[in-house]
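Residue numbers (this note's numbering): 29 to 338.
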(Lines of atoms letter the chains of each structure in order from A; the text may use other names.)
(Lines give C-alpha, C1' and ligand atoms only; values in the text may rest on other atoms or scores of the structure.)
Protein backbone atom coordinates (compact mmCIF):
# COMPACT_ATOMS: atom_id res chain seq x y z
CA UNK A 29 0.00 0.00 0.00
CA UNK A 30 1.38 3.39 -0.95
CA UNK A 31 2.31 5.78 1.83
CA UNK A 32 0.37 9.01 1.80
CA UNK A 33 0.72 12.36 3.51
CA UNK A 34 -1.99 14.80 4.45
CA UNK A 35 -2.79 17.54 1.94
CA UNK A 36 -0.67 20.62 2.55
CA UNK A 37 1.88 18.72 4.61
CA UNK A 38 5.51 19.50 3.72
CA UNK A 39 6.83 16.17 5.07
CA UNK A 40 7.30 13.41 2.53
CA UNK A 41 7.18 9.93 4.06
CA UNK A 42 8.92 8.28 1.12
CA UNK A 43 12.02 10.43 1.72
CA UNK A 44 12.24 9.09 5.27
CA UNK A 45 11.74 5.50 4.07
CA UNK A 46 14.51 5.76 1.46
CA UNK A 47 16.98 7.45 3.83
CA UNK A 48 16.34 5.15 6.79
CA UNK A 49 18.46 2.12 5.65
CA UNK A 50 21.48 4.28 4.83
CA UNK A 51 21.08 6.23 8.07
CA UNK A 52 20.90 3.02 10.13
CA UNK A 53 23.98 1.51 8.45
CA UNK A 54 25.97 4.75 8.81
CA UNK A 55 24.95 5.06 12.47
CA UNK A 56 25.81 1.43 13.23
CA UNK A 57 29.23 1.38 11.58
CA UNK A 58 30.36 5.03 11.87
CA UNK A 59 28.55 7.12 14.49
CA UNK A 60 28.36 4.56 17.31
CA UNK A 61 32.02 3.42 16.97
CA UNK A 62 33.10 7.06 16.92
CA UNK A 63 31.13 7.86 20.07
CA UNK A 64 32.46 4.73 21.79
CA UNK A 65 36.05 5.62 20.79
CA UNK A 66 35.72 9.09 22.32
CA UNK A 67 34.14 7.56 25.45
CA UNK A 68 36.93 5.01 25.75
CA UNK A 69 39.57 7.74 25.60
CA UNK A 70 38.45 8.94 29.06
CA UNK A 71 39.41 5.63 30.67
CA UNK A 72 42.69 4.07 31.75
CA UNK A 73 43.44 0.45 31.00
CA UNK A 74 45.09 -1.37 33.89
CA UNK A 75 47.26 -4.42 33.26
CA UNK A 76 45.03 -7.49 33.45
CA UNK A 77 42.24 -5.57 35.12
CA UNK A 78 39.19 -3.46 34.28
CA UNK A 79 39.34 0.07 32.96
CA UNK A 80 38.87 3.03 35.27
CA UNK A 81 37.57 6.49 34.48
CA UNK A 82 40.38 9.07 34.45
CA UNK A 83 38.75 12.03 32.70
CA UNK A 84 41.12 14.16 30.67
CA UNK A 85 44.29 12.49 32.00
CA UNK A 86 45.05 10.66 28.73
CA UNK A 87 44.83 13.89 26.72
CA UNK A 88 46.95 15.75 29.28
CA UNK A 89 49.53 12.96 29.12
CA UNK A 90 49.86 13.18 25.33
CA UNK A 91 50.06 16.98 25.33
CA UNK A 92 52.43 17.37 28.30
CA UNK A 93 54.59 14.25 28.56
CA UNK A 94 57.88 14.72 26.70
CA UNK A 95 57.88 11.36 24.90
CA UNK A 96 54.20 11.36 23.99
CA UNK A 97 54.26 15.00 22.82
CA UNK A 98 57.39 14.41 20.74
CA UNK A 99 55.76 11.48 18.93
CA UNK A 100 52.41 13.21 18.51
CA UNK A 101 53.81 16.56 17.30
CA UNK A 102 56.13 14.75 14.88
CA UNK A 103 53.24 12.72 13.44
CA UNK A 104 51.03 15.82 13.21
CA UNK A 105 53.75 17.85 11.46
CA UNK A 106 54.43 15.04 8.98
CA UNK A 107 50.71 14.74 8.32
CA UNK A 108 50.50 18.45 7.49
CA UNK A 109 53.46 18.09 5.10
CA UNK A 110 51.75 15.09 3.50
CA UNK A 111 48.58 17.17 3.06
CA UNK A 112 50.36 20.28 1.74
CA UNK A 113 52.14 18.24 -0.96
CA UNK A 114 48.76 16.92 -2.13
CA UNK A 115 47.19 20.38 -2.07
CA UNK A 116 50.03 22.07 -3.98
CA UNK A 117 50.73 19.29 -6.49
CA UNK A 118 47.87 16.79 -6.75
CA UNK A 119 44.92 19.19 -6.92
CA UNK A 120 46.48 21.68 -9.39
CA UNK A 121 47.52 18.79 -11.64
CA UNK A 122 44.01 17.35 -11.34
CA UNK A 123 42.55 20.74 -12.31
CA UNK A 124 44.91 21.04 -15.28
CA UNK A 125 44.15 17.51 -16.49
CA UNK A 126 40.41 18.10 -16.17
CA UNK A 127 40.73 21.31 -18.18
CA UNK A 128 42.67 19.51 -20.91
CA UNK A 129 40.24 16.60 -21.05
CA UNK A 130 37.30 18.99 -21.35
CA UNK A 131 38.68 20.60 -24.53
CA UNK A 132 36.17 19.88 -27.31
CA UNK A 133 38.75 19.01 -29.98
CA UNK A 134 40.92 16.70 -27.87
CA UNK A 135 41.15 13.25 -29.45
CA UNK A 136 41.18 10.04 -27.41
CA UNK A 137 40.03 11.92 -24.30
CA UNK A 138 38.29 8.82 -22.95
CA UNK A 139 41.47 6.76 -23.24
CA UNK A 140 43.55 9.41 -21.49
CA UNK A 141 40.98 9.69 -18.71
CA UNK A 142 40.97 5.93 -18.16
CA UNK A 143 44.76 5.65 -18.10
CA UNK A 144 45.15 8.50 -15.63
CA UNK A 145 42.45 7.14 -13.33
CA UNK A 146 43.69 3.53 -13.50
CA UNK A 147 46.27 3.75 -10.63
CA UNK A 148 43.47 4.87 -8.32
CA UNK A 149 41.76 1.49 -8.76
CA UNK A 150 44.87 -0.46 -7.71
CA UNK A 151 45.55 -1.58 -4.16
CA UNK A 152 47.74 0.76 -2.13
CA UNK A 153 49.80 -2.24 -1.04
CA UNK A 154 50.52 -3.08 -4.68
CA UNK A 155 51.42 0.53 -5.43
CA UNK A 156 53.77 0.67 -2.45
CA UNK A 157 55.49 -2.59 -3.41
CA UNK A 158 55.91 -1.51 -7.03
CA UNK A 159 57.52 1.79 -6.08
CA UNK A 160 59.80 0.06 -3.58
CA UNK A 161 60.99 -2.09 -6.46
CA UNK A 162 61.49 0.93 -8.70
CA UNK A 163 63.27 3.13 -6.14
CA UNK A 164 65.45 0.52 -4.46
CA UNK A 165 69.12 1.60 -4.83
CA UNK A 166 70.28 -2.03 -4.83
CA UNK A 167 68.08 -3.83 -7.35
CA UNK A 168 65.52 -1.27 -8.47
CA UNK A 169 65.00 -0.21 -12.06
CA UNK A 170 65.26 3.47 -11.13
CA UNK A 171 69.04 3.52 -11.69
CA UNK A 172 68.57 2.26 -15.23
CA UNK A 173 65.80 4.75 -15.97
CA UNK A 174 67.72 7.81 -14.75
CA UNK A 175 70.77 6.56 -16.65
CA UNK A 176 68.86 7.07 -19.89
CA UNK A 177 68.61 10.82 -19.17
CA UNK A 178 72.27 11.27 -18.25
CA UNK A 179 72.41 10.72 -14.46
CA UNK A 180 75.43 8.43 -14.23
CA UNK A 181 75.59 8.47 -10.40
CA UNK A 182 72.38 6.49 -10.16
CA UNK A 183 69.25 7.12 -8.14
CA UNK A 184 69.70 8.21 -4.51
CA UNK A 185 67.99 6.29 -1.71
CA UNK A 186 64.86 8.41 -1.81
CA UNK A 187 62.94 6.17 0.59
CA UNK A 188 65.92 5.71 2.89
CA UNK A 189 67.00 9.32 3.45
CA UNK A 190 65.37 11.29 6.26
CA UNK A 191 65.15 14.42 4.11
CA UNK A 192 63.41 12.78 1.15
CA UNK A 193 61.41 9.79 2.43
CA UNK A 194 58.22 11.67 3.35
CA UNK A 195 58.20 13.81 0.19
CA UNK A 196 58.78 10.72 -1.95
CA UNK A 197 55.88 8.87 -0.33
CA UNK A 198 53.70 11.96 -0.78
CA UNK A 199 54.53 12.09 -4.49
CA UNK A 200 53.75 8.37 -4.84
CA UNK A 201 50.36 9.04 -3.28
CA UNK A 202 49.86 12.01 -5.64
CA UNK A 203 50.65 9.79 -8.63
CA UNK A 204 48.10 7.20 -7.51
CA UNK A 205 45.21 9.46 -6.51
CA UNK A 206 45.47 12.39 -8.92
CA UNK A 207 42.64 10.79 -10.90
CA UNK A 208 40.10 11.52 -8.13
CA UNK A 209 40.28 15.36 -8.22
CA UNK A 210 40.60 15.13 -12.01
CA UNK A 211 37.31 13.23 -12.34
CA UNK A 212 35.43 15.39 -9.82
CA UNK A 213 36.51 18.63 -11.49
CA UNK A 214 35.97 17.14 -14.96
CA UNK A 215 32.38 16.25 -14.01
CA UNK A 216 31.83 19.83 -12.83
CA UNK A 217 33.25 21.22 -16.09
CA UNK A 218 30.79 19.12 -18.09
CA UNK A 219 27.93 20.93 -16.35
CA UNK A 220 29.13 24.36 -17.52
CA UNK A 221 26.77 25.48 -20.34
CA UNK A 222 28.42 25.51 -23.74
CA UNK A 223 26.57 28.72 -24.61
CA UNK A 224 28.71 30.71 -22.16
CA UNK A 225 31.96 29.40 -23.60
CA UNK A 226 30.76 29.85 -27.20
CA UNK A 227 29.77 33.45 -26.49
CA UNK A 228 33.22 34.16 -25.03
CA UNK A 229 34.96 32.61 -28.06
CA UNK A 230 32.81 34.69 -30.40
CA UNK A 231 33.95 37.78 -28.46
CA UNK A 232 37.58 36.84 -29.15
CA UNK A 233 38.58 34.67 -26.18
CA UNK A 234 40.50 31.42 -26.67
CA UNK A 235 39.86 28.16 -24.81
CA UNK A 236 42.27 28.96 -21.96
CA UNK A 237 40.86 32.44 -21.43
CA UNK A 238 37.35 30.98 -21.38
CA UNK A 239 38.47 28.44 -18.81
CA UNK A 240 40.10 30.92 -16.40
CA UNK A 241 37.49 33.66 -16.78
CA UNK A 242 34.27 31.63 -17.12
CA UNK A 243 34.62 27.95 -16.24
CA UNK A 244 36.88 28.22 -13.20
CA UNK A 245 34.67 30.69 -11.27
CA UNK A 246 31.69 28.42 -11.92
CA UNK A 247 33.40 25.32 -10.54
CA UNK A 248 35.08 26.92 -7.49
CA UNK A 249 32.63 25.19 -5.08
CA UNK A 250 33.73 21.84 -6.53
CA UNK A 251 37.40 22.79 -6.21
CA UNK A 252 36.79 23.72 -2.57
CA UNK A 253 35.01 20.42 -1.96
CA UNK A 254 37.97 18.56 -3.50
CA UNK A 255 40.28 20.40 -1.11
CA UNK A 256 38.20 19.30 1.89
CA UNK A 257 38.15 15.71 0.68
CA UNK A 258 41.93 15.88 0.26
CA UNK A 259 42.31 17.15 3.82
CA UNK A 260 40.13 14.41 5.30
CA UNK A 261 41.74 11.64 3.23
CA UNK A 262 45.28 12.71 4.07
CA UNK A 263 44.67 12.91 7.80
CA UNK A 264 43.12 9.44 7.62
CA UNK A 265 46.08 8.10 5.62
CA UNK A 266 47.82 5.00 6.86
CA UNK A 267 48.06 2.20 4.31
CA UNK A 268 50.76 3.60 1.98
CA UNK A 269 53.14 4.50 4.82
CA UNK A 270 52.57 1.12 6.45
CA UNK A 271 53.00 -0.80 3.19
CA UNK A 272 56.28 0.91 2.30
CA UNK A 273 57.92 1.78 5.63
CA UNK A 274 56.11 -0.43 8.17
CA UNK A 275 54.62 0.58 11.51
CA UNK A 276 57.84 2.29 12.65
CA UNK A 277 57.56 4.71 9.69
CA UNK A 278 61.29 5.02 9.19
CA UNK A 279 63.84 6.25 8.79
CA UNK A 280 63.78 7.33 12.45
CA UNK A 281 60.02 8.12 12.35
CA UNK A 282 60.50 10.74 9.63
CA UNK A 283 57.50 9.32 7.70
CA UNK A 284 55.37 8.80 10.80
CA UNK A 285 51.86 10.23 10.50
CA UNK A 286 48.90 10.12 12.84
CA UNK A 287 47.55 6.91 11.31
CA UNK A 288 50.76 4.95 11.93
CA UNK A 289 51.11 6.45 15.41
CA UNK A 290 47.57 5.31 16.20
CA UNK A 291 48.40 1.80 14.94
CA UNK A 292 51.47 1.46 17.18
CA UNK A 293 49.67 2.96 20.16
CA UNK A 294 46.57 0.79 19.90
CA UNK A 295 48.00 -2.56 18.77
CA UNK A 296 51.58 -2.21 19.97
CA UNK A 297 54.65 -2.94 17.87
CA UNK A 298 57.91 -4.71 18.74
CA UNK A 299 58.89 -3.46 22.22
CA UNK A 300 56.03 -0.93 22.45
CA UNK A 301 53.02 -2.44 24.27
CA UNK A 302 49.58 -1.69 22.94
CA UNK A 303 47.01 0.33 24.87
CA UNK A 304 43.40 0.48 23.74
CA UNK A 305 42.62 3.58 25.81
CA UNK A 306 45.66 5.56 24.65
CA UNK A 307 44.95 4.43 21.09
CA UNK A 308 41.40 5.73 21.46
CA UNK A 309 42.86 9.03 22.70
CA UNK A 310 45.10 9.35 19.64
CA UNK A 311 42.13 8.49 17.38
CA UNK A 312 40.01 11.14 19.12
CA UNK A 313 42.73 13.74 18.57
CA UNK A 314 42.83 12.72 14.88
CA UNK A 315 39.07 13.24 14.72
CA UNK A 316 39.43 16.64 16.42
CA UNK A 317 42.03 17.80 13.88
CA UNK A 318 39.85 16.66 10.96
CA UNK A 319 36.77 18.25 12.53
CA UNK A 320 38.56 21.60 12.95
CA UNK A 321 39.67 21.56 9.31
CA UNK A 322 36.16 20.78 8.05
CA UNK A 323 34.61 23.43 10.31
CA UNK A 324 37.03 26.05 8.98
CA UNK A 325 35.89 25.15 5.46
CA UNK A 326 32.18 25.23 6.32
CA UNK A 327 32.15 28.47 8.30
CA UNK A 328 35.01 30.45 6.73
CA UNK A 329 35.57 29.34 3.14
CA UNK A 330 32.20 28.03 1.99
CA UNK A 331 30.36 31.19 3.04
CA UNK A 332 32.66 33.31 0.89
CA UNK A 333 32.19 31.26 -2.27
CA UNK A 334 29.84 32.63 -4.90
CA UNK A 335 27.57 30.08 -6.48
CA UNK A 336 26.09 30.64 -9.89
CA UNK A 337 23.00 29.02 -11.33
CA UNK A 338 24.08 26.88 -14.29
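Every residue, glycine too, gets a C-beta built ideally from N, C-alpha and C.
- CA-to-CA, the gap between residue 281 and residue 176 works out to about 33 angstroms.
- Judged by DSSP in its simplified three-state form, residue 70 adopts coil rather than helix or strand.
- Under the DSSP assignment, residue 148 falls outside any alpha helix (DSSP H); it carries neither an H nor an E label.
- Distance from residue 187 to residue 217 at the Cβ level is roughly 36 angstroms; contact not present, criterion being Cβ atoms closer than 8 angstroms.
- Taking residue 203 as reference, the option from 136, 252, 181, 115 with the minimal CA-CA separation is 115.
- Of the candidates 236, 305, 330, 201, the residue whose Cα lies closest to the Cα of residue 124 is 236.
- The shortest C-alpha to C-alpha distance from residue 219 to any of 273, 248, 106 is the one to 248.
- Pairing residue 256 with residue 328 gives a Cβ-Cβ distance that is not under 8 angstroms.
- The beta carbon of residue 83 sits closer than 7 angstroms to the beta carbons of 70 from its chain, once the five residues preceding and following it are set aside; these are given in chain order.
- Its Cα nearest to that of residue 275, the residue 299 stands out among 215, 201, 240, 299.
- Contact between residue 278 and residue 293 does not hold, since their C-beta atoms are separated by about 17 angstroms, which reaches or exceeds 8 angstroms.
- Annotation for residue 108: the continuous alpha helix (DSSP H) segment containing it runs 94 to 113.
- In this structure, residue 100 sits near residue 90, with a CB-CB distance shorter than 8 angstroms.
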